[in-house]
Every structure is written in C-alpha cells, then in structure tokens.
Amino acid sequence: MRPPLFWEAGHGDDLLARLLAPAAALVARAAARRAGRTGWLAPVPVLCIGNASVGGAGKTTLALDLGARLLAMGRGVHFLSRG
0 MRPPLFWEAG
10 HGDDLLARLL
20 APAAALVARA
30 AARRAGRTGW
40 LAPVPVLCIG
50 NASVGGAGKT
60 TLALDLGARL
70 LAMGRGVHFL
80 SRG
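Residues 0 to 82 in numbering that gives the first Met the number 0 are what the sequence shown spells out, letter by letter.
#1: Kindly examine the ligand NAD and report whether one of its heavy atoms sits closer than 7 Å to the Cβ of Thr59.
#2: Using alpha carbons as the reference points, say which of Gly55, Arg28, Arg81 and Ile48 lies closest to Gly66.
#3: How about the stretch 56 to 72 and the stretch 32 to 48: do they share at least three Cβ pairs that are nearer than 8 Å?
#4: Please report the residue range of the alpha helix (DSSP H) in which Pro21 lies.
#5: For the alpha helix (DSSP H) that Arg81 lies in, which residues bound it at each end?
#6: Straight-line CA distance for Ala23 to Gly35?
Here's what the structure looks like:
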C-alpha cells in the first residue's frame, strides 16, 4: 500500500493551503483549549462499554448482562446508545 500523492511535496494547491492556514490555526487553538479543560464530572456512576465504531464485539450483550446484574443488586440502570 502506498501513501496518497497529496502527502508528497509539489502536489496540491499551495495557494489554497496558505489561504486556509489562518482558519486552521484558529481550529487548532480551539481544539487545544478544549483538550486542556477540566472534564465534566457526572453526578452518578457512568460505565462506558466498548467503542461505538466497532461492530460485533459483544457490547450489547455485555451491557445487558451488566445491567441485569446491577438491577439484581438493587441499582438503577439506564442505557444510552447514541450521543
């Protein structure tokens, strides 16, 4: 597998890159500020199971089993599948 041609020097539009550089710097700065902030602390325990982009790894089965076990222990359980 070879890298795409636009990774090499001389390919692409240098003018477009120069015009977009200030916007890219603003986006990079905003991303760095956001990454540096203190995270939000949920008022209740939160369990995250798996990576949403990977299918077929057994996340649903695990979540249902864990939910049933928590319910048997008298704990409240809620599921969020998106967002």
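Cβ atoms here follow ideal geometry from the backbone N, Cα and C, with glycine treated the same way.
Checking against the coordinates, here is how it stands:
#1: Although the ligand NAD was asked about, the structure shown includes no ligands whatsoever.
#2: Ile48
#3: yes
#4: Asp13 to Gly35
#5: Counting along the chain, Arg81 falls outside any alpha helix (DSSP H), and DSSP gives it neither H nor E.
#6: 18 Å
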